[in-house]
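Below you'll find the structure, written out as structure tokens, and then a few comments.
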Amino acid sequence: MIEMKARTEVDVTTAIIGIGNIGSRVARHLVQGGESVVLAARDQSHAESLAAELGALASSASVADAVAQADAVLMAVWLDTEKELISQLSEALVGKVVIDPTNPIGPDGRGGYTTTLPEGQSAASIVANLLPDGAHFVKAFGTLGADALGSAANRPSRRAVLFYATDDDAAAETVERLIGAAGFDPVKAGGIEAAGRLELMRGDLHQNGGLGGRLLNADEARAAL
Ligand SMILES: NC(=O)c1ccc[n+]([C@@H]2O[C@H](COP(=O)([O-])OP(=O)(O)OC[C@H]3O[C@@H](n4cnc5c(N)ncnc54)[C@H](OP(=O)(O)O)[C@@H]3O)[C@@H](O)[C@H]2O)c1
Numbered sequence: 005m006i007e008m009k010a011r012t013e014v015d016v017t018t019a020i021i022g023i024g025n026i027g028s029r030v031a032r033h034l035v036q037g038g039e040s041v042v043l044a045a046r047d048q049s050h051a052e053s054l055a056a057e058l059g060a061l062a063s064s065a066s067v068a069d070a071v072a073q074a075d076a077v078l079m080a081v082w083l084d085t086e087k088e089l090i091s092q093l094s095e096a097l098v099g100k101v102v103i104d105p106t107n108p109i110g111p112d113g114r115g116g117y118t119t120t121l122p123e124g125q126s127a128a129s130i131v132a133n134l135l136p137d138g139a140h141f142v143k144a145f146g147t148l149g150a151d152a153l154g155s156a157a158n159r160p161s162r163r164a165v166l167f168y169a170t171d172d173d174a175a176a177e178t179v180e181r182l183i184g185a186a187g188f189d190p191v192k193a194g195g196i197e198a199a200g201r202l203e204l205m206r207g208d209l210h211q212n213g214g215l216g217g218r219l220l221n222a223d224e225a226r227a228a229l
């Protein structure tokens, strides 16, 4: 069981759908920051064992039950899976903050990755268009590689930044709280039209895109905007 801060004052829960490289790290950071999480995966035993490891602030559920219990939903799955899940969940996402960390990439056949979308189109724009009216969409938690996301939380010097992009004030408020609880400084890059800047392979604000591996503090991040 990991050490955690005091429970958040407001009784809110974040569903983390997908607990691979990204979802497991975000879940761990949020629990350490005092946030409650409910975990779901394709194989529910994966979610059960991570929840047991993380302790009292973490639980596991089916995807549908996790979404029903949550105020915010992090879709830590690949873009095609996210599209399928959104069409299945549909109205269950009304009123939820839906957080999209996806990069529109796929295998290039040579052991690397290549972009799967044409120039000018972002994963965020696709996801936002699939969501029902009343869902609060935000792009976030995908701007660092998984290793950096895992190791750079609560940096002892100045905190590292996680950029986000949204047109929705409620989503912005929630994601700022979650990014802070996870041990990073939130910086808004703009509305959904700016979300492509946060995505691989072309995004100039992605650690492994235009930032060339660098992690930014808040001053550097604002200067990069
Ligand atoms: N990896 C990175 O460095 C990185 C960085 C930034 C952004 N991202 C983005 O983050 C997203 C997740 O990447 P990842 O590397 O964390 O992927 P991953 O390690 O392959 O994990 C994917 C997770 O999705 C779950 N999943 C698959 N199908 C599902 C379904 N139908 N219902 C519920 N859960 C399902 C899997 O469940 P099981 O555990 O049961 O298999 C697994 O937990 C991707 O869109 C990626 O582009 C990744």
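Its first residue numbered 5, the sequence shown is counted upward by one per residue in my numbering. Ideal placement from N, C-alpha and C gives every residue a C-beta, glycine not left out.
Buried versus exposed, by CB contacts within 10 Å (16 or more), residue i
i      : result
SER40  : buried
ARG11  : Below a pLDDT of 50, predicted positions are generally treated as unreliable, and ARG11, at 48, falls in that range; no measurement from the model is reported.
THR118 : exposed
VAL98  : exposed
GLN125 : exposed
GLU13  : Confidence is the limiting factor: at GLU13 the pLDDT is only 49, short of 50, which leaves the residue's position unreliable and the question unanswerable from this model.
LEU78  : buried
LEU61  : buried
SER229 : The residue asked about is misnamed: residue 229 is Leu in this sequence, not Ser. So LEU229 counts as exposed.
ARG114 : exposed
For residue i, the first and last residue of its enclosing beta strand (DSSP E)
i      : result
SER40  : 40-44
HIS140 : 140-144
ILE20  : 17-21
GLY110 : 109-111
THR118 : 117-119
Own chain residues within Cβ distance below 6 Å of residue i, not counting five before or after
i      : result
SER4   : Past the edges of the chain, shown from 5 to 229, lies residue 4, and the structure says nothing about it.
VAL165 : ASP189, VAL191, LEU220, ALA222, ALA225
ALA70  : ALA19, VAL42, ALA44
GLY235 : With the chain represented from 5 up to 229, any question about residue 235 goes unanswered, as that position is not in the structure.
ALA176 : THR170
Close beta carbons around residue i, own chain, < 8 Å, minus the five adjacent residues each side
i      : result
SER28  : LEU54
ALA150 : ASN25, ILE26, ARG29
LEU93  : VAL67, ALA68, VAL71
SER91  : LEU134
ASP15  : SER40
LYS87  : ILE130, VAL131, LEU134
Contacting residues, own chain, Cβ-Cβ under 7 Å from residue i (five flanking each side not counted)
i      : result
HIS33  : ALA157, ALA186, GLY187
ALA139 : LEU97, VAL98, LYS100, VAL102
VAL67  : ILE21, ALA44, LEU89
GLY214 : GLY207, ASP208
GLU95  : PRO136
ALA198 : ALA169
ILE109 : TYR117, THR118, THR119, THR120, LEU204, MET205
Residue interval of the alpha helix (DSSP H) (run including residue i)
i      : result
GLY216 : GLY216 -> no alpha helix (DSSP H), and no H or E assigned at all.
LEU134 : 127-134
ARG29  : 25-36
Test: residue i CB closer than 8 Å to a CB of chain C
i      : result
ALA139 : Considering every chain present, this structure includes no chain C. It has just one protein chain.
(request) Can you check the stretch 54-105 for any beta strand (DSSP E) of at least 3 residues that lies completely inside it and give the ranges in chain order? (result) 62-64, 76-79, 101-104
(request) Identify every run of the alpha helix (DSSP H) within the stretch 147-213, keeping only runs that are complete inside it and at least 4 residues long; order them along the chain. (result) You should have 150-155, 173-185.
(message) If contact is defined by three or more beta carbon pairs under 8 Å, each pair taking one atom from either stretch, is the stretch 167-187 in contact with the stretch 138-153?
(response) yes
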